[in-house]
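Residue numbers (full-length UniProt numbering): 1 to 329. Glycine included, C-beta positions come from ideal geometry on N, C-alpha and C.
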C-alpha cells in the first residue's frame, strides 16, 4: 500500500472513547472494591475466631494438666513496684492467664524462660512480655503489629505484647440476676456474692482456682474469653486482662473516660469503625468487626454475638454457675 494511503486511517482513541473507558473502569472498581474488602474482612474475622478457639482449646489442655483453670490475675489496685513483693503475688504460679497458656499455644520455649515468682514488669520477664504473639492478636485490629504500653503506668514508654482477647470476669458491673424491683440490671460492684463471677476471675487472697467441673451452667453456655482490642489492660502477660459486663457490647465510654490520656492522646468516634479506636477503654467487650464481637466458649466453640443481644442473655453467658436459662442470642 502506498504511503499516502495511510493518511485516512485513524490511530489511537478519541477523547470520548478514552472517557468512556475510564468511566467503565471506575464503575468496575466501585462494584468490585467493596466485595474485595468484605472478603478480606471475612478472612480476618475467620482468623480472629480461630485464635479464640485455639485459646479455648489451650484452656482445656491446661485444665487436663492441672485439674483447674488458669487464674485471671492477682487483683488489687493499680500496679506499682510495692505490689511486686506482696506475698499473694509471690505465691501465685502464673503472672496471668495468658502466660499460663503459653505451653498450650506452641510457646513452650517462651514460657520456660518466665520466672513465675516475679511480675511481668520485672527482669527477666519484662523483655519476654514484650513479645508479640499472633494467637493473641485479631488481624482486624489496625494496631495489630504494634506493642502496647502498660495501662497502669501513666505515659508508659515500654511496649508489651498486646492481647486483643480478654478473659471473662463475669457480670461484675451490671448484674441481671436477681432482678431489681423494676426488672432492670443492677450495679454489682462491691458485692460479696460470687455467683456472678466468670470463669477467669481475679485471684484474691485465699481464692482458689476453679475447674471445668465447676462450670455448672454448662460449658456450651459459658464464655471463656472474647474480643477487647486496644483496651487499658490488654496485655497477654498482664495480670488484669479481664473483662466483664461494665457496659453493653461495642459501647463507648466516651471522651470523659478517665484513662483517655494514659497511653493515647485522642479518642475514637465509636467502636467497630476500623482505624478509629485510638484511646483505651474500660472493661467491656468490643471489637473492630461491625455489629458485634467474637467469643470463645468453655466447650471450644466460637460465636459472633451481635451488639444488640439482650443484656440479660449476655449476662447469663458470662456467669458459670448462675443457673440461668439461656435463650437464643
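Exercise. Between the region 231-238 and the region 290-304, do at least 3 Cβ pairs fall closer than 8 Å?
Worked result: no
Exercise. Would you report the Cα separation of residue 331 and residue 117, rounded to the nearest angstrom?
Worked result: This structure cannot speak to residue 331, because the chain is shown only from 1 to 329.
Exercise. Could you check where the beta strand (DSSP E) with residue 165 kicks off and where it finishes?
Worked result: Against the chain shown, residue 165 aligns to sequence position 165. That run of the beta strand (DSSP E) goes 165-168.
Problem set entry | Helix, strand or coil at residue 30 [DSSP, three-state] | Here residue 30 refers to the residue found at position 30 of the chain shown. Three-state result, residue 30: helix.
Exercise. Should residue 319 go down as buried or exposed, given a rule of 16 or more other Cβ atoms within 10 Å for buried?
Worked result: Numbered from its first residue, the chain shown carries residue 319 at position 319. With 16 or more other Cβ atoms within 10 Å, it is buried.
Problem set entry | N- and C-terminal bounds of the beta strand (DSSP E) containing residue 297 | In the chain shown, the residue the question calls residue 297 occupies position 297. Residue 297 -> beta strand (DSSP E) spans 292-297.
Exercise. Short check: CB of residue 50 to CB of residue 138, under 8 Å?
Worked result: Within the chain shown, residue 50 is the residue found at index 50, counting from 1. Within the chain shown, residue 138 is the residue found at index 138, counting from 1. Cβ atoms of residue 50 and residue 138: not closer than 8 Å.
Exercise. Based on Cα-Cα distance, which residue from 132, 35 and 48 lies nearest to residue 289?
Worked result: Translated into positions along the chain shown, residue 289 becomes position 289. It is 48.
Problem set entry | Test item: CB-CB of residue 317 and residue 211 under 8 Å | Counting from 1 along the chain shown, the entry for residue 317 is found at position 317. Counting from 1 along the chain shown, the entry for residue 211 is found at position 211. Cβ distance not < 8 Å, so residue 317 and residue 211 don't count as in contact.
Exercise. Nearest-angstrom Cα distance between residue 327 and residue 220?
Worked result: Residue mapping note: residue 327 aligns to position 327 of the chain shown, counting from 1. Residue mapping note: residue 220 aligns to position 220 of the chain shown, counting from 1. In this structure, the straight-line span from the alpha carbon of residue 327 to that of residue 220 is close to 12 Å.
Exercise. Considering only the beta carbon of each residue, do residue 130 and residue 159 sit closer than 8 Å?
Worked result: Position 130 of the chain shown, counting from 1, holds the residue named residue 130. Position 159 of the chain shown, counting from 1, holds the residue named residue 159. The answer is yes: Cβ separation under 8 Å.
For this session: Would you kindly work out how many angstroms separate the C-alpha atoms of residue 17 and residue 24, rounded to a whole number?
Result: On the chain shown, position 17 is the one that residue 17 refers to. On the chain shown, position 24 is the one that residue 24 refers to. Separation of residue 17 and residue 24 (C-alpha to C-alpha, rounded to the nearest whole angstrom) is 11 Å.
Exercise. Helix or strand or just coil, what does DSSP make of residue 162?
Worked result: Here residue 162 is taken as the residue at index 162 of the chain shown, counted from 1. It is a strand residue.
Exercise. With DSSP run on the structure shown, which of helix, strand or coil describes residue 227?
Worked result: As a working note, residue 227 is residue 227 in the chain shown. Strand at residue 227.
Exercise. Under the three-state reduction of DSSP, which class applies to residue 302: helix, strand or coil?
Worked result: Residue numbering aside, residue 302 sits at position 302 when the chain shown is read from its first letter. Three-state DSSP puts residue 302 in a strand.
For this session: Taking the CB atoms as reference points, tell me whether residue 133 and residue 107 lie closer together than 8 Å.
Result: Looking up residue 133 in the chain shown gives position 133. Looking up residue 107 in the chain shown gives position 107. Here residue 133 is near residue 107, since their CB atoms are less than 8 Å apart.
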